Amino acid sequence: MFPGEVTMFIDSHCHLDDARFSDDLEAVLDRASAAGVTRILSIGTGDGPPEIDRAVRLAERYEQVYASIGVHPHDAAKVKPQTLDDLRALAAHPKVVAFGEIGLDYHYDFSPREVQREVFVAQLNLARELGLPITIHTREAWDDTMSILRETLRGEQVMGVMHCFTGDPAQAREAIDMGFYLSYGGVLTFKTAENVRDSARITPDDRLLIETDAPYLAPIPYRGKRNEPSMMIETARKLAEVRGTTPDRIAAVTTANFERLCLVRGYTEVSDGN
Numbered sequence: 002m003f004p005g006e007v008t009m010f011i012d013s014h015c016h017l018d019d020a021r022f023s024d025d026l027e028a029v030l031d032r033a034s035a036a037g038v039t040r041i042l043s044i045g046t047g048d049g050p051p052e053i054d055r056a057v058r059l060a061e062r063y064e065q066v067y068a069s070i071g072v073h074p075h076d077a078a079k080v081k082p083q084t085l086d087d088l089r090a091l092a093a094h095p096k097v098v099a100f101g102e103i104g105l106d107y108h109y110d111f112s113p114r115e116v117q118r119e120v121f122v123a124q125l126n127l128a129r130e131l132g133l134p135i136t137i138h139t140r141e142a143w144d145d146t147m148s149i150l151r152e153t154l155r156g157e158q159v160m161g162v163m164h165c166f167t168g169d170p171a172q173a174r175e176a177i178d179m180g181f182y183l184s185y186g187g188v189l190t191f192k193t194a195e196n197v198r199d200s201a202r203i204t205p206d207d208r209l210l211i212e213t214d215a216p217y218l219a220p221i222p223y224r225g226k227r228n229e230p231s232m233m234i235e236t237a238r239k240l241a242e243v244r245g246t247t248p249d250r251i252a253a254v255t256t257a258n259f260e261r262l263c264l265v266r267g268y269t270e271v272s273d274g275n
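In this text, residue positions in the sequence shown follow this note's numbering: the first is 2, and each later residue adds one.
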C-alpha cells in the first residue's frame, strides 16, 4: 500500500494459470492483496484447446479472481468447431467477465496468419453474441487487427480493451475512437518506451486500465524477474507520474473503469505482448 493512502487496484490481465505460479499461487495472491491489488482477471487462454477452462477453475477457488475465456492467436490452429461450443458453455459461468485474449500475432506466427484471422473473426462474433467485452492481443499486426475489427463490428462501438498497449499516440487515438479502453503494463516503465508514455498521457481517464500480464513483462525495478500482481504498483507509480496525478487517483479511475467494462454484465458481487 502507499503510505497514508487507501488504494484498491484491479489487475485487468494476468495469467495465473501459468506453470510459474504453480508452487506458490496462494502466496502470490497474498502479496497482491497486501499491495492493494484486491481483484485480478485471470486470462483463460492457457495453452489453448482443448483445455480452455483453467482460469474458470481458478476463479472458482479464489474470491478475488475473475476469469476470461478465449483462444490466443498462438493457438488458433488448435481450434475445432467444438471449441466454440465449449467457449459458449463456459460463458455461462458467473465469474466469466470477458472474452480474450484474442487477436493477431505476426511476431511469432505460431499459427498461420490466415487461420489467426479466421479464428479472430469467429471469436469476435461469439463475444458479441454472448455480450462479453473483448480483450485484444495484437503484435506486429495493427493494421490487420483494426481492419478486422471494423469489418466485423460494422461501425458498432467496441466494448473491450487493448491489452498491454504499446502503440504510439496515433494508434491510441484510433483505438479510443473505436471505443476501446487502453491497458498499460510494465512496458510503461521501460526506458525505451517513451512512445507508450506519450500514449498514456493522452488516454482519457474513462478509458484507462492497468495490468501486469504476469508472469511476463515485469516493470522496473523487477525487470527480468517473474512478474506478479503485487508488482503492478510500480506501473501505477509510473503511470501517475506520466499523467501528473497520484497513484491513489490511478487506483480509483482504473478500478471504476474495470467495474464498468466487465462487472456490470458479469459477476457483480463487489468483494472486485503475452
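Virtual Cβ for every residue (Gly too), placed ideally from N, Cα, C. Nothing here was measured: the structure is a model prediction, and the numbers come from that model.
Take residue i and list the residues in its own chain whose beta-carbon comes closer than 7 angstroms to its own, dropping the five residues that flank it on each side.
| i | result |
| --- | --- |
| R244 | A201, R202 |
| Y107 | R114, R140, E141, A142 |
| H73 | T46, G49, E102, H138 |
| M232 | T213, A219, P220, Y223 |
| V122 | I149, T153 |
| V38 | F10, D12, P230, S231, M233 |
| L30 | Y63, Q65 |
Suppose the cutoff is 8 angstroms on Cβ atoms and the five residues either side in sequence are ignored; what does the same chain contact list for residue i look like?
| i | result |
| --- | --- |
| D48 | D76 |
| R21 | P216, R227 |
| V57 | G45, A68, I70, L91, H94, K96, V97 |
| E235 | G187, T190, P220, I221, P222, Y223 |
Please list the terminal residues of the continuous beta strand (DSSP E) segment that includes residue i.
| i | result |
| --- | --- |
| M163 | 161-163 |
| I11 | 10-15 |
| V38 | 38-43 |
| L209 | 209-211 |
Buried or exposed: residue i, going by 16 or more other Cβ atoms within 10 Å of its Cβ?
| i | result |
| --- | --- |
| S13 | buried |
| G132 | exposed |
| A68 | buried |
| Q124 | buried |
| A92 | buried |
| T46 | buried |
| S112 | buried |
| G104 | buried |
| A128 | buried |
| K192 | exposed |
| V66 | buried |
| Q83 | exposed |
| A28 | exposed |
| V162 | buried |
| A60 | buried |
| G156 | exposed |
| A33 | buried |
Can you tell me whether DSSP reads residue i as helix, strand or coil?
| i | result |
| --- | --- |
| S231 | helix |
| D106 | strand |
| H94 | coil |
| G186 | coil |
| F191 | coil |
| L218 | coil |
| I251 | helix |
| T153 | helix |
| S23 | coil |
| F100 | strand |
| V66 | strand |
| K239 | helix |
| T256 | helix |
| H75 | helix |
| V48 | In the sequence as presented, Val is not what sits at residue 48; that position holds Asp. Looking at D48 - three-state DSSP - the assignment turns out to be coil, as it is neither helix nor strand. |
| V265 | coil |
Could you pull out every residue in the same chain whose Cβ sits closer than 6 angstroms to the Cβ of residue i, ignoring the five residues on either side in sequence?
| i | result |
| --- | --- |
| G267 | Low confidence applies to G267: its pLDDT is 42, below 50, so where it sits in the model is not reliable, and the reading given next is rough at best. Taken in chain order, the residues that qualify are V98. |
| I11 | R40, T256, F259 |
| H16 | I44 |
| T167 | V188, V197 |
| R238 | P248 |
| Q158 | G180 |
What is the C-beta distance between residue i and residue j, in whole angstroms, given that I count them as a contact (C-beta under 8 angstroms)?
| i | j | result |
| --- | --- | --- |
| T213 | P230 | 6 angstroms |
| I177 | R208 | 6 angstroms |
| Y182 | L262 | 6 angstroms |
| G180 | I137 | Not confirmed; about 12 angstroms, so no contact. |
| R118 | D145 | 7 angstroms |
| D18 | R62 | Their Cβ separation, rounded to whole angstroms, is 11 angstroms, which puts D18 and R62 out of contact at 8 angstroms. |
So the alpha helix (DSSP H) residue i belongs to, where does it begin and stop?
| i | result |
| --- | --- |
| T90 | Reading off the sequence shown, one finds Ala at residue 90, where the question assumed Thr. From DSSP, the alpha helix (DSSP H) with A90 extends over 82-91. |
| S200 | 195-203 |
| R140 | Taken as a continuous stretch (DSSP letters only), R140 belongs to no alpha helix (DSSP H), being part of the beta strand (DSSP E) at 135-140. |
| V120 | 114-131 |
| L59 | 55-62 |
| P170 | 170-179 |
Are the C-beta atoms of residue i and some chain D residue less than 7 angstroms apart?
| i | result |
| --- | --- |
| R261 | No chain D is part of this structure, which consists of one protein chain only. |
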